[in-house]
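Step one of this worksheet: look at the structure below.
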Amino acid sequence: MSLTLQEISRIAELAKLQLTAPEREGMLTQLKTFFELVEHIKSVDTQGVAPLSHPYATVADVALRLRPDVVSESNAREANQQSAPDVQKGLFLVPKVIES
Amino acid sequence: MSAIHELSVKALQQALQTQQLSARQVTEHFLARARNHGASLAHLASDMAPQSPSPSTPGSKASCGAFLSMNEAHSLKAADESDRRIQAGQARALEGVPIAHKDIFVTQDFPTTAGSKILAGYRSPFNATVVSRLQSAGMVSLGKLNCDEFAMGSANENSAFGVVHNPWDHTRIAGGSSGGSAAAVAMGLTPAATGTDTGGSIRQPAAFCGITGIKPTYGRASRYGMIAYASSLDQAGPMARSAEDCASLLSVLCGPDIERDSTSLDIPSADFTLGLNQDLQGLRIGLPKEFFAKGLSDDVRDSVRAALDALVRLGAQLVDIELPKTELSIPVYYVLAPAEASSNLSRFDGVKFGFRAQGYKDLDEMYLKTRSEGFGAEVQRRIMVGAYVLSHGYYDAYYVQAQKIRRMISDDFQRAFSQCDVIAGPVAPTVAWKLGEKSSDPLSNYLADIFTLPASLAGLPGMSVPCGFGEGHMPVGLQLIGNYLKESQLLNVAHRYQGVSDWHTQLPGSAA
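Chain order of the listed sequences is A and B. Residue 71 in the numbering used here sits at position 68 of the first sequence, with consecutive numbering throughout. Residue 357 in the numbering used here sits at position 350 of the second sequence, with consecutive numbering throughout.
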């Protein structure tokens, strides 16, 4: 594992986190230490083992359900928008994204 | 009769139903205690908790910092409704008994922060299923409890609204991430609380604060309205003084939520109090040798051993077992949980809820600034780790590999359960450490999760039961792990043990 500052910047961009130069350095050091701890999972022989996502699937079949695609909620626009930072006429406001 | 805050859920339930106490009287008593001994930093910033009481003495020796918000008018209204029902002979199962909720559950009547600045000012339009179920059983909500930001932490030092102090020693951590829940119960600010456990977040703080807590089988309690940290691991559960109290709360809290939680198991809840008082004769308790290896401190080992001896006297037999991948649980968990977290936390972007940073020139910068200012250091670290292990070229090597080892860990448990009925060991390698002791080194926090992570990864029910005091007269927890859906058996073992021990009835000086 040779994590670099460039990779830290790339991941931060993907994760939409803005790191200052010293924060990037700190993150690099911490993640390097972290991946030293994690590295040895790569050497575990997992040939023929299926990944487990719902733990109860260890003992029984678990199918992730889909509900019928029908309206189940009533309109609660006001309640849903009460905590939004910026709302106008029932719409969430964000900075302009289309160039005029 | 003991002081109201020393009564168990069961005793309160009886006193309320026989009208020896009114729900208003009980609620007022706990609200006053929460106000005087539970205030946190959040109470200093009124915008964080719009309906919070005026600050009493935040950060003072008398305050543990467990409560993030209260709404006394609302709580008293619910208490009056309980009194009316009791008088009308329409009392529900837990009518009038107070409870407080980890601030990871969304609530209509209180702000919800998940311990994060990014949710400052957020009001949920609905209640989490767990909260609704407890309210429908007649419980009165007292308020919301401090926790590590988005439940990420083992010390409750990662909350944006201040640390939670351990009621047994204010210079020590309460544990995490459900630290506010554990401290509030231990200090008698509420008779019960909800918690969530992703990698040990119910069991470890329960152990550190000397209370009882249970995490049910993954899928038994609804995750609807529980702010997601690591969806394939997160599970809600009750925290209270005794196994008996946990049993009555768990009966209400569990059950299918088919329409709202796709991972909810279609298995009905049960009255878990009915299984208490079963004979332990012939019960095989498995002791994983990895749980008693080096790294376990002597004081914890001695208390756990003494508890096991007590269980043997009750008829149980001890069996040596192996969980060979115990150590691998740490890297496996710390790949899977951050991966899921990085995905879950992408919804916090400054558009729909809570906080938005100031001074941005475009949409991208608004996202960047909002998330960088809104999330704390540990959350940002885990988002970074998660985004990395999910990114192109690393997904198979880390994420999928960790999911495969997760299955191997779960299979190891199934092998172990062919030799024993219940697994026992310590909850944590040491008692609660000093505030700040490990906060500069996140990895040392991670390593301390070693005994709780395996059952989390396997999705097994696990509980913490007070079993003595170690270094600095700090509580020690006995961990019990059961096979899937064996909550009743776990609670029975814990209840029988509590019938011959009194650790769970001891209160810290701060609870006076």
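Just so you know, even glycine gets a beta-carbon here, dropped at the ideal spot from N, CA and C.
Between the CA atoms of residue j and residue i - distance to the nearest angstrom
i: GLY66 (chain B); j: THR178 (chain B); result: Only weak support is given to the placement of GLY66 (chain B): the predicted model assigns it a pLDDT of 41, under 50, and the value that follows is read from those uncertain coordinates. Going from the Cα of GLY66 (chain B) to the Cα of THR178 (chain B) covers about 11 Å.
i: MET55 (chain B); j: ARG308 (chain B); result: Any reading at MET55 (chain B) must be qualified, since the residue scores a pLDDT of 40, below 50, and its modelled position is unreliable; no value is offered.
i: SER310 (chain B); j: GLY477 (chain B); result: 7 Å
i: LYS151 (chain B); j: GLN211 (chain B); result: 20 Å
i: GLY45 (chain B); j: LEU6 (chain A); result: 43 Å
i: GLU102 (chain A); j: ILE125 (chain B); result: 29 Å
i: HIS511 (chain B); j: THR25 (chain B); result: 26 Å
i: GLY282 (chain B); j: SER258 (chain B); result: 11 Å
i: ALA518 (chain B); j: MET194 (chain B); result: 4 Å
i: SER29 (chain B); j: GLY302 (chain B); result: 49 Å
i: ALA214 (chain B); j: ALA250 (chain B); result: 13 Å
i: VAL438 (chain B); j: ASN499 (chain B); result: 25 Å
i: ARG317 (chain B); j: PRO433 (chain B); result: A small fix is needed here, since residue 317 (chain B) is Ala in this sequence, not Arg. Their backbone Cα atoms lie some 15 Å apart in a straight line.
i: THR34 (chain B); j: ILE11 (chain A); result: 50 Å
i: THR64 (chain B); j: GLY206 (chain B); result: Model confidence at THR64 (chain B) stands at a pLDDT of 42, short of 50, so the residue's coordinates are unreliable; what they give is reported in the following sentence. The alpha-carbon atoms of THR64 (chain B) and GLY206 (chain B) are separated by roughly 32 Å.
i: SER447 (chain B); j: TYR59 (chain A); result: 36 Å
i: GLU102 (chain B); j: ALA243 (chain B); result: 21 Å
i: SER53 (chain B); j: ARG291 (chain B); result: Annotation note: pLDDT 39 at SER53 (chain B) (below 50); position unreliable, coordinate value reported separately. Taking the straight line joining both Cα atoms gives about 53 Å.
i: GLU334 (chain B); j: LEU321 (chain B); result: 32 Å
i: ARG130 (chain B); j: GLY357 (chain B); result: 15 Å
i: LEU343 (chain B); j: LYS332 (chain B); result: 16 Å
i: GLY182 (chain B); j: ALA190 (chain B); result: 9 Å
i: VAL192 (chain B); j: SER15 (chain B); result: 10 Å
i: SER59 (chain B); j: MET77 (chain B); result: With a pLDDT of 40 at SER59 (chain B), under the threshold of 50, the modelled position of this residue cannot be trusted; read the value that follows with caution. Cα to Cα, SER59 (chain B) sits roughly 5 Å from MET77 (chain B).
i: LEU17 (chain A); j: PRO54 (chain A); result: 25 Å
i: SER276 (chain B); j: ASP241 (chain B); result: 18 Å
i: HIS480 (chain B); j: PHE420 (chain B); result: 33 Å
i: ALA394 (chain B); j: PHE424 (chain B); result: 36 Å
Identity of the residue in the options nearest residue i by Cα
i: CYS71 (chain B); options: B:ARG363, B:PRO174 and B:TYR340; result: B:PRO174
i: ARG503 (chain B); options: B:ALA98, B:ASP305 and B:LEU315; result: B:LEU315
i: VAL339 (chain B); options: A:THR7, A:VAL74, A:GLU39 and A:GLN91; result: A:GLU39
i: HIS108 (chain B); options: B:GLU334, B:ALA313, B:ALA501 and B:SER184; result: B:SER184
i: VAL483 (chain B); options: B:GLN408, B:VAL138 and B:ILE218; result: B:ILE218
i: ALA158 (chain B); options: B:LEU101, B:ARG413 and B:PRO345; result: B:PRO345
i: PHE382 (chain B); options: A:LYS19, A:PRO71, A:THR32 and A:GLN33; result: A:LYS19
i: VAL73 (chain A); options: B:ILE390, B:TYR236 and B:GLU266; result: B:GLU266
i: ALA404 (chain B); options: A:SER46, A:PHE37 and A:GLN9; result: A:SER46
i: ASP155 (chain B); options: B:ARG92, B:LEU83, B:ALA277 and B:SER208; result: B:SER208
i: THR32 (chain A); options: B:MET391, B:MET246 and B:ASP116; result: B:MET391
i: SER336 (chain B); options: B:SER353, B:PHE298 and B:ASP116; result: B:PHE298
i: TYR406 (chain B); options: A:THR36, A:GLU42 and A:MET30; result: A:GLU42
i: MET30 (chain A); options: B:SER508, B:ARG388, B:MET415 and B:PHE458; result: B:ARG388
i: ARG70 (chain A); options: B:ASP509, B:ASP264 and B:LYS17; result: B:ASP264
i: ARG422 (chain B); options: B:LYS411, B:ASN490, B:SER123 and B:SER398; result: B:ASN490
First and last residue of the uninterrupted alpha helix (DSSP H) at residue i
i: ARG308 (chain B); result: 305-320
i: THR7 (chain A); result: Segment: none, THR7 (chain A) is in no alpha helix (DSSP H) and carries neither H nor E.
i: MET373 (chain B); result: 370-381
i: PHE38 (chain A); result: 24-41
i: ALA465 (chain B); result: 460-465
i: PRO449 (chain B); result: 449-454
i: ALA348 (chain B); result: 336-351
i: GLN387 (chain B); result: 384-397
The ligand COA heavy atom lying under 6 Å from the CB of residue i
i: GLN115 (chain B); result: The ligand COA is absent from the structure shown, which contains no ligands of any kind.
Proximity of residue i and residue j at Cβ, strictly below 7 Å
i: SER417 (chain B); j: THR49 (chain A); result: no
i: TYR231 (chain B); j: ASP268 (chain B); result: yes
i: LEU149 (chain B); j: PRO105 (chain B); result: yes
i: ILE234 (chain B); j: ALA121 (chain B); result: yes
i: ILE328 (chain B); j: CYS427 (chain B); result: yes
i: SER255 (chain B); j: SER229 (chain B); result: no
i: LEU487 (chain B); j: ALA431 (chain B); result: yes
i: ASN134 (chain B); j: THR114 (chain B); result: yes
i: GLY187 (chain B); j: ASN153 (chain B); result: yes
Span of the beta strand (DSSP E), counted from its first residue to its last, around residue i
i: ARG414 (chain B); result: It is not in any beta strand (DSSP E) - ARG414 (chain B) instead sits in the alpha helix (DSSP H) that spans 408-423.
i: ILE221 (chain B); result: 219-222
i: THR203 (chain B); result: 199-204
i: SER471 (chain B); result: 469-476
i: SER46 (chain A); result: Run containing SER46 (chain A): none; DSSP gives neither H nor E here.
i: PRO482 (chain B); result: 482-489
i: THR178 (chain B); result: 176-180
i: ILE292 (chain B); result: 291-295
i: ALA247 (chain B); result: 242-247
Chain D within 7 Å of residue i, Cβ atoms only
i: SER451 (chain B); result: Any reference to chain D falls outside this structure, whose protein chains are A and B.
Should the region 449-465 of chain B be called in touch with the region 352-369 of chain B, which here means at least 3 C-beta pairs below 8 Å? no
Are the region 218-229 of chain B and the region 458-468 of chain B touching by the rule of at least three beta carbon pairs closer than 8 Å? yes
Looking at C-beta atoms only, is the number of pairs between the region 441-451 of chain B and the region 155-171 of chain B that lie closer than 8 Å three or more? yes
Would you check if there are 3 or more beta carbon pairs closer than 8 Å linking the region 138-155 of chain B to the region 369-379 of chain B? no
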